[in-house]
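Protein sequences, first through last, are from chains A and B. 3 is the number of the first residue of the first sequence in our numbering; add one for each residue after it. 1468 is the number of the first residue of the second sequence in our numbering; add one for each residue after it. Glycine included, every Cβ here is placed at the ideal spot set by N, Cα and C. Please read all numbers here as calculations on a predicted model, not as lab measurements. Structure, as structure tokens:
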Amino acid sequence: MSSYAGPSAPRPESVAETLRLLAFLAAAIALITLDHRGGWLRAWRNQAELAVQPLWMVAGLPGRMGEQMRNDAVSRSQLVEDNAVLRNALLVSGARVARLQAAQAENERLRALLGAAQRERLDVQLAPIFDIDLDPTRQRLILDAGSNQGVHVGQVVIDAGGVLGQVIETKPRTSTVLLLTDPDHALPVEVVRTGMRAIVYGRGDHMSVANVPRSADLKVGDVLQTSGLGGRFPPGFPVGTIGKLRLDDSRAFLEGTLVPAAQINRGREVLLLRSLPTPTAPAPAKLPAGPTPAMGAPR
Amino acid sequence: MITRNPWLLMLGSFTLALVLMLLPLPPPLAPLRPPLVMLVLAYWVLEAPERAGLGLAFFMGVITDLAIGTVLGESALRMVVLAFLLDRFRPRFNFWPVWQQVLAIGALLVNDRIVAAIVHVATHAAPIPWMYWSAAAVGALLWIPLFTLLDTLHQGRR
């Protein structure tokens, strides 16, 4: 062999290695496609995630222990202070609840007069959040409660402020919540002030209400609540406040950025709505019949 | 001794890296979280190529995807690319001075971010916030301590 053979033919093992690379790349791309489109892998992924659950448990431990230590280390004077603050808060909410109950009783009486069915009562279940960091570009939460605790797919997740998201996966011990801010999420809402309907889309780290005609009566500071259309979310839960309004790229529609009503980022526990208003509408083609029988009845 | 068995050490290092990837960080620090699973993979590709190849990279990628909730296959793709590039450099890598190794790891991690960004564009996912590119620098700086640690545990048994 000459000392300089020019660009030599690639060695067979390097060819084999390249082929292996191509095979693995193809497999990875196939996985991405399958998982991204149509979610054909969902059942399989659900099973496989059971295998990584111990990791979640372990990673969630420091958060839980930290909370335990905070609870243990809190001083007496601080407890007294907290107690006073909470007592005041309880008094205020008690007064508010009393007023609301009067309003609700009146509401029910009026509904009965109209012949509409009763709305179901709010029944909630408290579920702790697993304190672990997931991929920052996907807005998910892992709850420390699963199908063993009665959580099921489609349940609405709220906190004291408002709607947080919905349960999209359950396993025996944990469940996954899709937050309103996830790009995959869209939520039918209405403006409290005007009753105008719109859709709120997740944008990754915030939410926005899009495709609102320029002529629409929408202002900064308007409060949006769930409209109940679509049948998944019950009506009347706060979603957020319009923080910024601007024209979108086509300059024909308004786009508003929302300040969420719920504490999307922080919080240790969430509430799961137990009673779905109706068995969720199976077909999207169904008329926008209301989530409660009340809206289907003659008004 | 746990280090008696190299497979055990490998399993342990990957498990620990995965747990550290999931550990909650205060929000201002979260973008700086280095891709630990990738660094551990890099060590094993360099030091035990007979055990750690593209297959292991793919497998660890799928596990990472499941654990941190990315699209299935995203991390697998990224780790296979990293393992392949690193395997090409392997004969030369160990002869480089330390700063050059750090630079090389940094370049690989930046390349990895680019691959991730491409996947995000292709799947119409939300783009990665700019702050997260700094994780590549943190990862490169972490390479020396991580390499020393794993190498002591790995070679120390002999």
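The alpha helix (DSSP H) enclosing B/Ser-1480, as first and last residue numbers: Taking the second sequence and counting its residues from 1, the one referred to as residue 1480 of chain B is at position 13. Taken as a continuous stretch (DSSP letters only), the alpha helix (DSSP H) holding B/Ser-1480 covers 1473-1489.
If you drop the 5 nearest sequence neighbours on each side, which residues of the same chain put their C-beta closer than 6 angstroms to that of A/Trp-42? Position 40 of the first sequence, counted from the start, is the residue given in the question as residue 42 of chain A. Leu-36.
Check the Cβ of A/Glu-51 against every Cβ in chain B and list those closer than 7 angstroms, keeping chain order. The residue labelled residue 51 of chain A in the question sits at position 49 within the first sequence. Within chain B, the residues near A/Glu-51 are Leu-1533.
Quick one: grab the DSSP three-state call for A/Arg-78. Stepping through the first sequence from its first residue, residue 78 of chain A is reached at position 76. A/Arg-78 falls in the helix class under three-state DSSP.
As assigned by DSSP and simplified to three states, the class of B/Thr-1619: The sequence position of residue 1619 of chain B within the second sequence is 152, counting from 1. Of the three classes helix, strand and coil, the one that applies to B/Thr-1619 here is helix, per DSSP.
Have a look at A/Phe-26 and A/Leu-275 and give me their C-alpha separation to the nearest angstrom. As a first step, residue 26 of chain A is located in the first sequence; it is residue number 24 there, counting from the start. As a first step, residue 275 of chain A is located in the first sequence; it is residue number 273 there, counting from the start. In this structure, the alpha-carbon of A/Phe-26 lies about 43 angstroms from that of A/Leu-275.
Mapping DSSP to helix, strand and coil, what is A/Gly-65? Taking the first sequence and counting its residues from 1, one reaches residue 65 of chain A at position 63. Three-state result, A/Gly-65: helix.
Checking contacts by CB at 8 angstroms: is A/Val-17 closer than that to chain B? Numbered from its first residue, the first sequence carries residue 17 of chain A at position 15. Answer no: the Cβ-Cβ gap between A/Val-17 and chain B never drops below 8 angstroms.
Looking at the secondary structure, which residues open and close the beta strand (DSSP E) in which A/Ala-200 lies? As a first step, residue 200 of chain A is located in the first sequence; it is residue number 198 there, counting from the start. From DSSP, the beta strand (DSSP E) with A/Ala-200 extends over 199-204.
For B/Thr-1619 and chain A, any beta-carbon pair shorter than 8 angstroms? Taking the first residue of the second sequence as 1, we reach residue 1619 of chain B at position 152. It does not: the Cβ of B/Thr-1619 has no partner Cβ on chain A nearer than 8 angstroms.
In whole angstroms, give me the CA-to-CA distance for A/Ile-131 and B/Ala-1524. Reading the first sequence from its first residue, position 129 is the one you call residue 131 of chain A. Reading the second sequence from its first residue, position 57 is the one you call residue 1524 of chain B. Straight-line measurement puts the Cα of B/Ala-1524 at about 31 angstroms from the Cα of A/Ile-131.
Would you call B/Ala-1484 buried or exposed, if buried means 16 or more other Cβ atoms sit within 10 Å of its Cβ? On the second sequence, position 17 is the one that residue 1484 of chain B refers to. Residue environment for B/Ala-1484: buried (at least 16 other C-beta atoms within 10 angstroms of its C-beta).
Is the CB of B/Ile-1469 under 8 angstroms away from at least one CB in chain A? Along the second sequence, read from residue 1 onward, the residue named residue 1469 of chain B stands at position 2. Reliability fails at B/Ile-1469, whose pLDDT of 45 lies under 50, so the model's placement of it is uncertain and the value that follows must be treated cautiously. Taking CB atoms only, B/Ile-1469 has no neighbour in chain A less than 8 angstroms away.
Kindly list, in the order they appear in chain A, the residues whose Cβ is closer than 7 angstroms to that of B/Phe-1551. Here residue 1551 of chain B is taken as the residue at index 84 of the second sequence, counted from 1. Residues of chain A passing the Cβ test: Leu-23.
In chain B, which residues lie less than 7 angstroms from A/Val-54 when you measure between Cβ atoms? What you label residue 54 of chain A is simply residue 52 of the first sequence in a count that begins at 1. A/Val-54 reaches chain B at Ile-1530, Leu-1533 and Ala-1534, counting residues in chain order whose Cβ is nearer than 7 angstroms.
So, is the C-beta of B/Ala-1497 closer than 8 angstroms to a C-beta in chain A? Here residue 1497 of chain B is taken as the residue at index 30 of the second sequence, counted from 1. For B/Ala-1497, the answer is yes, since a Cβ of chain A falls inside 8 angstroms of its Cβ.
Which residues in the same chain as A/Arg-175 place their Cβ atom closer than 7 angstroms to its Cβ, once the five residues preceding and following it in sequence are excluded? Taking the first sequence and counting its residues from 1, one reaches residue 175 of chain A at position 173. Non-local beta-carbon contacts of A/Arg-175 in its own chain, meaning distances under 7 angstroms to residues more than five positions away in sequence, involve Gln-55, Gly-148 and Asn-150 in chain order.
Inspect the beta-carbon positions of B/His-1587 and A/Thr-183 and report whether they are closer than 8 angstroms. To locate residue 1587 of chain B, count along the second sequence from 1; it is residue 120. To locate residue 183 of chain A, count along the first sequence from 1; it is residue 181. Going by C-beta atoms, B/His-1587 is not nearer than 8 angstroms to A/Thr-183.
Interface residues of chain B around A/Ile-201 at Cβ under 9 angstroms? The sequence position of residue 201 of chain A within the first sequence is 199, counting from 1. For A/Ile-201, no chain B residue has a C-beta closer than 9 angstroms to its own C-beta; the minimum C-beta separation is roughly 18 angstroms.
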